[in-house]
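Here is the structure we will look at.
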Amino acid sequence: MRTSRFMPLAALALLLPALAATPVFDGVPNAENQLAAGNGRWFVSGDGAVYEGRYDGRGYRKRALAARLRDGSPHACTFLGLAERRGRLFAVCSDNTLDPFAAKRLFSLDLADPAAELREIARPAGLALPNGLAVDPDGHLLLADSGAPLLPGRLWRLTLDAAGAVTGQAELHAFPLCKPNGLRVDGDRLYVSLNPLSYVGVSQLKRYRLTAGGLADGSTLYSSWGFIDDFALTTDGVVVAEFLGGRVSHVSEGGQLLKQAGFAQPTSVRVSAGGDFPAGAITVTERGNGRLLLDAGFGAWPR
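Written as structure tokens, this is what we have:
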């Protein structure tokens, strides 16, 4: 979720109290997405920066990663989707999320270098409001574009070379009546959250089969009036952030609702495999509060 026009609705829609959730840190304006890298580093995106978090033995800390344009100048924009590919962090951003014509940029960072900066590597064309970012089995970056207001969105495939540079961009799928938001890939299966053109109405979490020519065999796992934002895959299903519903919901792969917990304007959820957070815990970004919360006893396991 990226625009501020939903704030009053979200406040009214907070139906569930937060269950045993404790703050990890705040100060992430319009907190958006999360990513845990394979080497243990973890990140949160928001307005102005991508933040790296860590636990120093006494508490959780964060630092804003420096971002530079291709000419070397520093740059701040609204960072949204995050993905890891072959030891690199990729982050998509918009110079202005309220302007569909504002510049959209793709940044990359070497995860093996603790001092590395985010560097602009491409400016994807034809995007209005990018968000979800994932990697398919062939190493392409998949990028969800919600599209301009009241217009449908699309899924793009970006081709990268061995060094991680973008060498091509092509439309993989058009969604004629909805807007894609979050993306996750598991083998040849793509999971995507889809929201109404007006952002008000029934949202769906759908599962597709990835093919060379696009998406096939779509099925709905979960439907909600609460605006499904980002989500995480678990061993038995998914945990979804319902922005307007004021909750995160654990849903089985067969569509059965297993558990819910309340949060204010949740935009993303991550399921912990251990490390800086207890295994089975979830961390949730709250957009309006600009913070990351931990529910240590949620009891979900990452896929």
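So that you can map any letter, position 28 of the sequence shown is 27 in numbering that gives the first Met the number 0, and since no number is skipped, the others follow by simple counting. Built from N, CA and C at the ideal position, the CB exists for glycine as well. Since we're looking at a predicted model, the values are computed, not measured.
For residue i, does the three-state DSSP call read helix, strand or coil?
| i | result |
| --- | --- |
| L8 | Model confidence at L8 stands at a pLDDT of 32, short of 50, so the residue's coordinates are unreliable; what they give is reported in the following sentence. The answer is helix: DSSP assigns L8 an H, G or I state. |
| A65 | coil |
| D216 | strand |
| E241 | strand |
| G167 | strand |
| W224 | coil |
| N194 | strand |
| T2 | For T2, the predicted structure reports a pLDDT of 42, less than 50, and the residue's modelled location is therefore unreliable. The matter cannot be settled from this model. |
| R85 | coil |
| G152 | strand |
| N130 | strand |
| D160 | coil |
| F174 | strand |
| R302 | coil |
| C76 | coil |
| F297 | coil |
| V199 | coil |
| S107 | strand |
| E116 | coil |
| R122 | coil |
| G71 | coil |
| S145 | coil |
| N95 | coil |
| T234 | coil |
| G181 | strand |
| D135 | coil |
| A90 | strand |
| D187 | coil |
Spatial neighbours of residue i within its chain, please: C-beta separation below 7 Å, excluding the five flanking residues on both sides.
| i | result |
| --- | --- |
| S3 | At S3 the pLDDT is 34, less than 50, meaning the model places this residue with poor confidence; the figure from the coordinates comes in the next sentence. Excluding positions up to five away in sequence, the list is empty. |
| D94 | C76, A101, A102 |
| S251 | D235, G236, L257 |
| N194 | C177, K178, N180, S202, F226, I227 |
| A272 | A278, P301 |
Report, in whole angstroms, the separation of the C-beta atoms of residue i and residue j, which I expect to be a contact under 8 Å.
| i | j | result |
| --- | --- | --- |
| W224 | V238 | Actually they are not in contact, since the Cβ atoms of W224 and V238 sit about 18 Å apart, beyond 8 Å. |
| G152 | P179 | 5 Å |
| L303 | V91 | The question about residue 303 has no answer here: the residues shown for the chain are numbered 0 through 302. |
| R84 | G138 | 6 Å |
| T233 | W300 | 6 Å |
| A121 | V165 | 4 Å |
| V270 | V247 | So it is not a contact: roughly 10 Å between Cβ atoms. |
| F242 | S192 | 10 Å between Cβ atoms; not a contact. |
| F297 | A240 | That belief does not hold up - the Cβ atoms of F297 and A240 are roughly 13 Å apart, past 8 Å. |
| L79 | E31 | 5 Å |
| G131 | A143 | 4 Å |
| A20 | F276 | Not really, about 12 Å apart at Cβ, beyond 8 Å. |
Please return the same chain residues whose Cβ sits closer than 8 Å to the Cβ of residue i, not counting the five positions on each side in sequence.
| i | result |
| --- | --- |
| M6 | For M6, the pLDDT reaches just 30, beneath the cut-off of 50, and the residue's location in the model is therefore unreliable, leaving the point undetermined. |
| P22 | R290, L291, L292, L293 |
| S197 | L149 |
| A36 | F42, E83, L88, L110 |
| V184 | A133, V134, D135, P136, L141, Y190, L209 |
| L159 | R84, G138, H139, L140, V165, T166 |
| P28 | G45, D46, G47, G289 |
Near residue i, what residues of its chain come up, given a Cβ to Cβ distance below 6 Å and the 5 sequence neighbours on each side ignored?
| i | result |
| --- | --- |
| L108 | L88, A115, L117 |
| P323 | One cannot answer for residue 323 here, as it falls past the ends of the chain, which runs 0 to 302. |
| K258 | H249 |
| Y207 | L189, L214, G217 |
| P175 | P151 |
| H74 | A66, L68 |
| G39 | G274 |
| R60 | R53 |
| G212 | none |
| G163 | R87, S107 |
| D112 | none |
Would you say the beta carbon of residue i is closer than 7 Å to some non-hydrogen atom of the ligand NAD?
| i | result |
| --- | --- |
| R118 | Ligands in the displayed structure: none, and consequently the ligand NAD is not present. |
Using 8 Å as the limit for Cβ to Cβ distance, is residue i near chain C?
| i | result |
| --- | --- |
| K258 | Chain labels in this structure do not include chain C; a single protein chain is all it has. |
Report the start-end ranges of each beta strand (DSSP E) in the segment 245-295 that is 3 residues or longer and not cut off at the edges.
246-251, 256-261, 265-270, 281-285, 290-294
With a floor of 3 residues, list each beta strand (DSSP E) that falls wholly inside the segment 14-61, ordered by position along the chain.
20-24, 33-35, 41-45, 48-54
Counting pairs of beta carbons, one from the segment 163-172 and one from the segment 216-223, are three or more of them closer than 8 Å?
no
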